[in-house]
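*Asks:* One structure, as structure tokens, below. Some questions next.
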Ligand code: SF4
Ligand code: SF4
């Protein structure tokens, strides 16, 4: 440390203005993959609400629908009722595991290719380029005086951004109502859909701000993932890496060829700065792994183009590891180990949970029963000294036909079962009718007469048998003796 | 090894990051004074501005004579009133069906029944749970509404009448007013006789240790059977409990029974007719009736 460094610093401003980043357009393999994924994910997002799925007259015919008023979630052939939200929990666990697996294999690939922030920012950048020109042109325009033409371009850009944002918010609300009807209502300004307008407003604003104005700052300051992934990754995970073993010492092309002619070693990097110019987060990948790098691979494309021009082999920047750079530097062979304890465990967990969920879905009953024992009082003594327990039993008919269920109990011998509001039929059977796609809540009184039994709990089973098909669901509870 | 902490104004520029330091130093590790991103600072100030606007727009500051009223006329009471209005709008169709359905038919209509039970449960929690308990399980002196013992009758009409006019609630002319006489206090029976009757009652209810006697049977006939019936099975019209079953409102030990005979009286329940509206009383009636299945 020199004494000049020790000098007293001048006081600085409280805030750091954002350094504008002008990512340059680039072409290449990874850019093409990104375009493909962008087109795919956006079309899924915008078109999915319009996909129809016939479920008969008692349920909506939208393939993907979150139906809050009726508390149902529809996903193609799957219909999730509130008591089945564990499917969503399962999905979230699966999503987390897939993210972990991706991370163990190739770092933040999610960030670079599939994260909505990346996808929409890419879209916004494309719109910006289309109107205002590429990086250098935009930087020049922003630095120089504002002409009418530049103002017009700026206004056009923001209008286009807002239009995309509005379209984004508009598509969002279509997941919560019948899409064609809602589009018609929105287009004709029908009353009674103010909530939809509010949500469109919120999503328009956030999309415009996040993808238009905040961009890399979302990834750097707001997103927790870079912090988390740092704890999840290991030395074998592939990351976009500058192969310094091959690139250094960097020097101009002329110097390098002179050195090579003289038989001396020279690095491949010509210090052209293209990798930095195209980076959407303003990272210089040559400085090593960085929190700012979202693994989009665009610097690979940029550098590959340079390498092709100067006739050196591609992939001076590549999906590789720091460790391999070191090993190659020492003359050892690089190691690639996609199969490691953590990737195997993640993959096994994904398979297991996926299989479990598929199995649950495949063997799912379209009738359900829930039993809730009265908490207070747990048991009631009747006049003749016999004991009665009361239960709230809900029958769910998750099919498109009205059905009739027969309620039976076992476990407590000679129990007398009454359902409030349901008369037993001629044979003394208790039959509960439930409409299509509906539930019916009943109050069930179970009375145990006969000799006094010991204090405590006796298991009791409630079975609801579908009359026509004989399919049955059984729930377990207890009969309490005070 | 002790930590050396130093603080001085020797802030300087860190040569590696080109950022100013704060001058704080721990064991040679210094703290960078990295400035905040501008958007972050702007957001921070914007929230302060927003809070000022909020203070002006909404009732916020207490003053000597109440408080500032705000500019947009928002009031928590008005907001509650609006919510209540919305609620009754949502409940409207159910209340209408409830009003039009005869009491006896509601239980046979599944959808109406579950809506009415929900209404009744809420009304019960607000008005009745204080005495009868959250689950209507009752307590000493407060009947359990889940069992099959009904002092004043467990038919829908009986329950409704009890809710409307109360029990021994003098402010209501139609209240259920029959009261057990104080046989001891008023000198109709002496202590010995009371003890004999108590033994007799415990024998009639088949309680362990009960002692029936000829004198007890005679005393019962002369004094108790008018209301409780010759067989002691009680009488709904007079609220006279069945003395032969397993349920004892105030307890079944001899001392309690003797004290009840000596002092008479009974529980009091307020009349709800003037405090609850017609649909609520109807819903409560259904709710209570379905708790234990009524009579
Ligand atoms: S350093 Fe390369 S991979 Fe990382 S964000 Fe920048 S361009 Fe993308
Ligand atoms: S693009 Fe390649 S050659 Fe150019 S500076 Fe970056 S690493 Fe070096």
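Chains as they are written, first to last, in our numbering: chain A, 663 to 1144; chain B, 226 to 520. The beta-carbon is built from N, C-alpha and C at its ideal position, and this holds for glycine as well. Here the structure is a predicted model, which means the values were calculated and not measured.
For residue 1128/A, report the span of its beta strand (DSSP E) as first-last.
*Replies:* Taking the first chain and counting its residues from 1, the one referred to as residue 1128/A is at position 466. First-last of the beta strand (DSSP E) with residue 1128/A: 1118-1128.
*Asks:* Could you give the first and the last residue of the continuous beta strand (DSSP E) run that contains residue 280/B?
*Replies:* By 1-based counting over the second chain, the position of residue 280/B is 55. Segment 263-282 is the alpha helix (DSSP H) holding residue 280/B; no beta strand (DSSP E) there.
*Asks:* At 7 Å on the CB atoms, spell out the chain A contacts of residue 339/B, in chain order.
*Replies:* Taking the first residue of the second chain as 1, we reach residue 339/B at position 114. Result: 1103.
*Asks:* In the DSSP assignment, find the unbroken alpha helix (DSSP H) run with residue 342/B in it and report its ends.
*Replies:* Locating residue 342/B in the second chain gives position 117, counting from the first residue. Looking at the DSSP string, the run of the alpha helix (DSSP H) that includes residue 342/B is 335-352.
*Asks:* Give the residues of chain A in contact with residue 299/B, contact being defined as C-beta atoms less than 7 Å apart.
*Replies:* Working through the second chain from its first residue, we reach residue 299/B at position 74. Under the 7 Å cutoff, chain A gives no residues; its nearest Cβ is about 18 Å from residue 299/B.
*Asks:* Would you please state the rounded distance, in angstroms, between the beta carbons of residue 1067/A and residue 1131/A? I believe it to be under 8 Å.
*Replies:* Walking along the first chain from the start, residue 1067/A turns up at place 405. Walking along the first chain from the start, residue 1131/A turns up at place 469. Not quite, the Cβ-Cβ distance comes to about 11 Å (not below 8 Å), so this is no contact.
*Asks:* What I want to know is whether the C-beta of residue 881/A ends up closer than 6 Å to one or more non-hydrogen atoms of ligand 1.
*Replies:* In the first chain, counting from the first residue as 1, residue 881/A sits at position 219. Because no heavy atom of ligand 1 lies under 6 Å away, the Cβ of residue 881/A does not count as near it: no.
*Asks:* To which residues of the same chain is residue 226/B closer than 7 Å at the C-beta, ignoring the five residues directly before and after it?
*Replies:* By one-based count along the second chain, residue 226/B stands at place 1. Note that residue 226/B scores 42 on pLDDT, short of 50, meaning its location in the model is unreliable and no value can be drawn from it.
*Asks:* Taking the alpha carbon of residue 515/B as the reference point, which residue from 891/A, 958/A, 1048/A, 1053/A has its own alpha carbon closest?
*Replies:* The count along the second chain starts at 1 and reaches residue 515/B at position 290. Checking every option, the nearest Cα to that of residue 515/B belongs to 1053/A.
*Asks:* Taking 7 Å as the threshold (C-beta atoms), are residue 284/B and residue 678/A in contact?
*Replies:* For this step, residue 678/A is matched to residue 16 along the first chain. For this step, residue 284/B is matched to residue 59 along the second chain. Not in contact: residue 678/A and residue 284/B (Cβ atoms no closer than 7 Å).
*Asks:* Terminal residues of the continuous alpha helix (DSSP H) containing residue 445/B?
*Replies:* Here residue 445/B refers to the residue found at position 220 when the second chain is read from its first residue. Segment 439-448, the alpha helix (DSSP H) holding residue 445/B.
*Asks:* Report the rounded CA-to-CA distance for residue 917/A versus residue 684/A, giving the unit in angstroms.
*Replies:* Numbered from 1 along the first chain, position 255 holds the residue referred to as residue 917/A. Numbered from 1 along the first chain, position 22 holds the residue referred to as residue 684/A. In a straight line, the C-alpha of residue 917/A is about 30 Å away from that of residue 684/A.
*Asks:* Mind checking the segment 318-343 of chain B against chain A and listing, in chain order, the residues whose C-beta falls within less than 7 Å of any C-beta there?
*Replies:* Per Cβ criterion, the list reads 332, 333, 335, 338, 339.
*Asks:* Residues of chain B with CB under 8 Å from residue 1045/A, in chain order?
*Replies:* Here residue 1045/A refers to the residue found at position 383 when the first chain is read from its first residue. Under the 8 Å cutoff, chain B gives 372, 373, 374, 467, 470, 471, 472.
*Asks:* Within 10 angstroms of its Cβ, does residue 999/A collect 16 or more other Cβ (buried), or is it exposed?
*Replies:* Taking the first residue of the first chain as position 1, residue 999/A is located at position 337. Exposed, since its Cβ has fewer than 16 Cβ neighbours within 10 Å.
*Asks:* Can you tell me the Cα-Cα spacing of residue 477/B and residue 452/B, whole angstroms?
*Replies:* Start at 1 with the first residue of the second chain, and residue 477/B comes out as number 252. Start at 1 with the first residue of the second chain, and residue 452/B comes out as number 227. Whole-angstrom Cα-Cα distance: 19 Å.
*Asks:* Kindly indicate if chain A contains any beta-carbon less than 7 Å away from that of residue 515/B.
*Replies:* Counting from 1 along the second chain, the entry for residue 515/B is found at position 290. It does; some Cβ of chain A falls within 7 Å.
*Asks:* Mind listing the chain B neighbours of residue 876/A? Cutoff is C-beta to C-beta under 9 Å, in chain order.
*Replies:* What you label residue 876/A is simply residue 214 of the first chain in a count that begins at 1. Near residue 876/A (Cβ distances below 9 Å), the residues of chain B are 264.
*Asks:* Does the Cβ of residue 947/A lie closer than 6 Å to at least one heavy atom of ligand 1?
*Replies:* One-based indexing of the first chain puts residue 947/A at position 285. Residue 947/A Cβ: within cutoff of ligand 1.
*Asks:* Can you grab the Cα-Cα spacing for the pair residue 1104/A / residue 1041/A, in whole Å?
*Replies:* Your numbering for residue 1104/A matches position 442 in the first chain. Your numbering for residue 1041/A matches position 379 in the first chain. Each residue's Cα considered, the two are about 18 Å apart.
*Asks:* Are the CB atoms of residue 466/B and residue 459/B nearer to each other than 7 Å?
*Replies:* Residue 466/B sits at position 241 when you count from the first residue of the second chain. Residue 459/B sits at position 234 when you count from the first residue of the second chain. The answer is yes: Cβ separation under 7 Å.
*Asks:* Going along the chain, which residues of its own chain have a beta-carbon closer than 6 Å to the beta-carbon of residue 944/A, five neighbours each way excluded?
*Replies:* Reading the first chain from its first residue, position 282 is the one you call residue 944/A. 683, listed in sequence order.
*Asks:* Would you check if there are 3 or more beta carbon pairs closer than 8 Å linking the segment 888-896 of chain A to the segment 805-813 of chain A?
*Replies:* Counting Cβ pairs under 8 Å, fewer than three are found: no touch.
*Asks:* If I follow the unbroken beta strand (DSSP E) through residue 298/B, where does it start and stop?
*Replies:* Here residue 298/B refers to the residue found at position 73 of the second chain. Residue 298/B -> no beta strand (DSSP E), and no H or E assigned at all.
*Asks:* If you reduce the DSSP assignment to three classes, tell me which class residue 1026/A lands in.
*Replies:* The residue you call residue 1026/A lines up with position 364 of the first chain. DSSP places residue 1026/A in coil when its eight states are reduced to three.
*Asks:* What do you get for residue 241/B, buried or exposed, if any count of 16 or more other CB atoms within 10 angstroms of its CB means buried?
*Replies:* Within the second chain, residue 241/B is the residue found at index 16, counting from 1. Exposed, since its Cβ has fewer than 16 Cβ neighbours within 10 Å.
*Asks:* From the beta carbon of residue 1042/A, is the nearest beta carbon of chain B less than 7 Å away?
*Replies:* For the purposes of this step, residue 1042/A is taken as residue 380 along the first chain, with counting starting at 1. True, the Cβ-Cβ gap to chain B drops below 7 Å.
*Asks:* Between residue 311/B and chain A, is any beta-carbon pair separated by less than 7 Å?
*Replies:* Looking up residue 311/B in the second chain gives position 86. Not an interface residue.
*Asks:* First and last residue of the alpha helix (DSSP H) that includes residue 706/A?
*Replies:* Mapped onto the first chain, residue 706/A falls at position 44. Run containing residue 706/A: 691-709, per the alpha helix (DSSP H) assignment.
*Asks:* Taking DSSP as the reference, what is the three-state secondary structure of residue 536/B?
*Replies:* Chain B is shown only over 226 to 520; residue 536/B falls outside these bounds and no answer can be derived.
*Asks:* With residue 823/A and residue 786/A assumed to form a contact (beta carbons below 8 Å), what rounded beta-carbon distance in angstroms separates them?
*Replies:* Taking the first chain and counting its residues from 1, one reaches residue 823/A at position 161. Taking the first chain and counting its residues from 1, one reaches residue 786/A at position 124. Correct: roughly 6 Å between the Cβ atoms.
*Asks:* Cα separation between residue 344/B and residue 381/B?
*Replies:* Here residue 344/B refers to the residue found at position 119 when the second chain is read from its first residue. Here residue 381/B refers to the residue found at position 156 when the second chain is read from its first residue. If you take the alpha carbons of residue 344/B and residue 381/B, they lie about 17 Å apart.
*Asks:* Compare the C-beta of residue 678/A against all C-beta atoms of chain D and say whether one is closer than 7 Å.
*Replies:* Of the protein chains in the structure, A and B, none is chain D.
*Asks:* What is the rounded straight-line gap between the Cα of residue 721/A and the Cα of residue 353/B?
*Replies:* For the purposes of this step, residue 721/A is taken as residue 59 along the first chain, with counting starting at 1. For the purposes of this step, residue 353/B is taken as residue 128 along the second chain, with counting starting at 1. Spanning the two alpha carbons is a distance of roughly 40 Å.
*Asks:* Starting from the beta carbon of residue 1116/A, find every residue of chain B whose beta carbon is closer than 7 Å, and list them in chain order.
*Replies:* Here the question's residue 1116/A lines up with position 454 in the first chain. Here the premise fails: no neighbours, minimum Cβ distance about 17 Å.
*Asks:* At a threshold of 6 Å, does residue 1028/A count as lining ligand 2 (C-beta to nearest heavy atom)?
*Replies:* Reading the first chain from its first residue, position 366 is the one you call residue 1028/A. No, Cβ of residue 1028/A sits at least 6 Å from all heavy atoms of ligand 2.
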